[in-house]
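These notes concern the structure reproduced below.
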Amino acid sequence: MANYTWSYSALSEYTKCPKKYYELKVAKNYVFQDTPQTIYGKEVHKALEDYVRDKIELAKNYERFKDVVDELIKIPGDKYCEYEMALTRDKTPCAFDADNRWVRGIVDLLIVDGDTAFIIDYKTGSNRYPDPKQLRLMALMTYAHFPQVIKIKAGLLFLMKNSFLPEEYHRSGIEASWKQFEQPLARLDNSYDTNTWIANPSPLCKYCPVKDCEFHKE
Ligand code: SF4
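For the sequence shown, this note's numbering begins at 189 and goes up steadily by one.
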């Protein structure tokens, strides 16, 4: 079986276009180019990490996020900012950089309070097409890394819209949650095993960095 590391965003990229995934992550023929939006997103994540973990005051242009983040800080429990987790293929916790890692993820803000955990994912983009499935994967990794956790409250926090998309999970749902990833992972395994990476053209092709793809449009 192919040996690779996946994350939610990598699996999502693969699902949208296996060829693009191959060109960027396997062959590495192209590199992802940051955009003003992705640079802004990284800067906001860093500012909130510094504010929550080290109480470093928010810069003027990020003060608009203070009230909502202060509400998160009030939640009781141990707080972990930009918390890195990884699992081996048998879903055992391992170090983020372990040679036998299989899946990895970073939680923007994880709060663990006894048998309850809170997972917050900061979003600086639009809330028009929210994708809460990434929270499910983070919850699965949290259950593995924190065996005492039974209930998880999670949410996508759309900072620019001041909106919150909540999700709830229970340890009893672990098996059912993993099942939701089985099909795309089986396809990804098959692509690695057979070295087959099919192009999936879409209106997004015009933003794709794979300029020599036959479906690329300027
Ligand atoms: S141009 Fe379109 S079809 Fe080609 S790799 Fe990029 S996303 Fe896939």
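We treat Cβ as the ideally placed atom computed from N, Cα and C, and that holds for glycine.
query                                                                                                                                                         : result
What residue ranges within the stretch 279-305 form continuous beta strand (DSSP E) runs of no fewer than 3 residues, ordered along the chain?                : 291-301
So what does DSSP say about Trp194, is it helix, strand or coil?                                                                                              : strand
Tell me whether Ala387, by its Cβ, gets closer than 6 Å to a heavy atom of the ligand SF4.                                                                    : yes
State whether the stretch 273-281 contacts the stretch 300-320, with contact taken as three or more CB pairs (one from each stretch) at a distance under 8 Å. : no
Counting only runs of 4+ residues fully inside the stretch 354-388, write out the alpha helix (DSSP H) ranges in chain order.                                 : 362-382
Classify Lys311 as helix, strand or coil using the three-state DSSP reduction.                                                                                : strand
Check the Cβ-Cβ distances between His333 and every residue of chain B, and say whether any is below 7 Å.                                                      : The displayed structure is made up of one protein chain only, and chain B is not part of it.
Using only alpha-carbon positions, find the residue among Gln371, Cys282, Ala364 and Val291 that is nearest to Tyr192.                                        : Val291
Give me the Cα-Cα distance between Thr304 and Arg324, rounded to the nearest whole angstrom.                                                                  : 15 Å
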